[in-house]
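Engineer: Just so you know, we're using my numbering here: the sequence shown kicks off at 462 and counts up by one.
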Amino acid sequence: MPEILTPMDRMEQQTDRMKENISRVRYKIAVMSGKGGVGKTTVAVNLAALFAAKGYKVGLLDADIDCPNIGKILGINETFQFTDSKRLIPIEKYDIKIASMSFFGQPEDTPHIFRGPIIHSAIMQMLEMTEWGLLDFLIIDMPPGTSDAALTIMQFVPLDGIVIVTTPQELSLQDATRSANVAKQFGKRFGIVENMAGDVFGKGADKIARQLDAPFLGSLPLSKEIRESCDKHMPIVLASEKIRKEFEKIVENLKKKVLG
Ligand SMILES: Nc1ncnc2c1ncn2[C@@H]1O[C@H](COP(=O)(O)OP(=O)(O)OP(=O)(O)O)[C@@H](O)[C@H]1O
Ligand SMILES: [Mg+2]
């Protein structure tokens with residue numbers, strides 16, 4: 462008689478396959494925030510580009526299933542190619558191996574309206590089915606918030622660290638604290654990156670880091686250069702020496718204080 466699998470058995474098997482597929486990734490790092498639009502994708506893309514520029518082998522997973530932005534930010538118009546065994550070949554740009562829902566070739570403005578279980582399943586499948594190979598770093602760009610995608614990543618992926626991005630604005634800081642508390646509940650190590658600091662939103666996310674007893678990884682200014690690099694589909698770390706230096710500090714702190 463064939464073995465009958467319960468949904469829980471299937472989920473366990475999928476988790477095992479996913480873990481096996483990313484077992485050759487040294488560091489798995491998620492970039493998250495409570496609030497939307499604070500710069501997660503910008504930070505994720507630039508961390509990946511900086512690691513790649515330093516000669517590390519890097520992957521980037523767009524875990525934003527209903528609003529995937531990585532393809533747009535990096536100017537990728539290709540769609541996934543498949544191996545003979547129907548596995549996904551990540552698309553390479555700036556020496557980064559990238560996987561995103563947008564590479565399945567649906568028109569850019571097609572709404573992806575998914576309930577939680579589908580989001581869970583899509584993230585698990587992209588982690589499991591992508592030929593990541595041997596990587597030093599896998600950066601996971603998360604959608605905003607602490608629900609479906611965040612829970613899947615924190616519960617199932619053996620993360621080595623989380624980068625929480627916040628603007629210095631009160632509302633964003635409050636939501637960053639929420640994200641940090643979820644990370645704590647899952648026993649994950651994390652650090653705080655302040656983005657869009659300057660005259661408009663002010664400064665001060667380092668205070669939140671102290672309150673949370675978490676490392677403050679660095680601060681990025683609100684700058685026209687960063688915004689324009691997004692329109693030019695070029696990671697700012699490859700175009701601006703000044704901003705690259707700020708990312709260098711973030712990377713050093715991340716290595717020492719979160720991954721170390
Ligand atoms: N430091 C900055 N200075 C100027 N513009 C910035 C900065 N950081 C991000 N941006 C711009 O702000 C917008 C939102 O950034 P981004 O997409 O990275 O945010 P996000 O947190 O990933 O958003 P979402 O929650 O929708 O995923 C983009 O247009 C980006 O170019
Ligand atoms: Mg984003």
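Built from N, CA and C at the ideal position, the CB exists for glycine as well.
Can you tell me where the alpha helix (DSSP H) with residue 485 in it begins and where it stops?
Structural biologist: Residue 485 -> no alpha helix (DSSP H), and no H or E assigned at all.
Engineer: With a threshold of 6 angstroms on Cβ separation, who are the neighbours of residue 647 within its own chain once the five nearest residues in sequence on each side are excluded?
Structural biologist: 615
Engineer: Between residue 502 and ligand 2, is there a pair consisting of the residue's CB and a ligand heavy atom that are separated by less than 8 angstroms?
Structural biologist: yes
Engineer: With burial defined as no fewer than 16 other Cβ atoms inside 10 Å of the residue's Cβ, what is the status of residue 465: buried or exposed?
Structural biologist: exposed
Engineer: When the Cα of residue 641 is compared with those of 664, 617, 676 and 662, which residue comes out closest?
Structural biologist: 676
Engineer: Can you tell me the Cβ-Cβ gap for residue 681 and residue 700, rounded? I've got them flagged as a contact below 8 angstroms.
Structural biologist: Contact doesn't hold; Cβ gap of about 14 angstroms is too wide.
Engineer: Tell me, please, whether the segment 557 to 568 touches the segment 530 to 548 by the rule of three or more beta-carbon pairs shorter than 8 angstroms.
Structural biologist: A contact is defined here as three or more CB-CB pairs under 8 angstroms, and the segment 557 to 568 meets this definition with respect to the segment 530 to 548.
Engineer: Between residue 696 and ligand 1, is there a pair consisting of the residue's CB and a ligand heavy atom that are separated by less than 8 angstroms?
Structural biologist: Distances taken from the Cβ of residue 696 to the heavy atoms of ligand 1 include none shorter than 8 angstroms.
Engineer: So, do the segment 608 to 626 and the segment 464 to 483 have three or more beta carbon pairs nearer to each other than 8 angstroms?
Structural biologist: Segments in contact, yes.
Engineer: If you follow the beta strand (DSSP E) that residue 643 is part of, which residue opens it and which one closes it?
Structural biologist: Here residue 643 belongs to no beta strand (DSSP E); instead the alpha helix (DSSP H) covers 631 to 646.
Engineer: Is residue 473 close to chain C, meaning its C-beta is less than 9 angstroms from at least one C-beta of that chain?
Structural biologist: Among the chains of the structure shown, chain C does not appear; only one protein chain is present.
Engineer: Check the DSSP bridge columns for residue 504 and list the partner residues they point to.
Structural biologist: DSSP lists no partner for residue 504.
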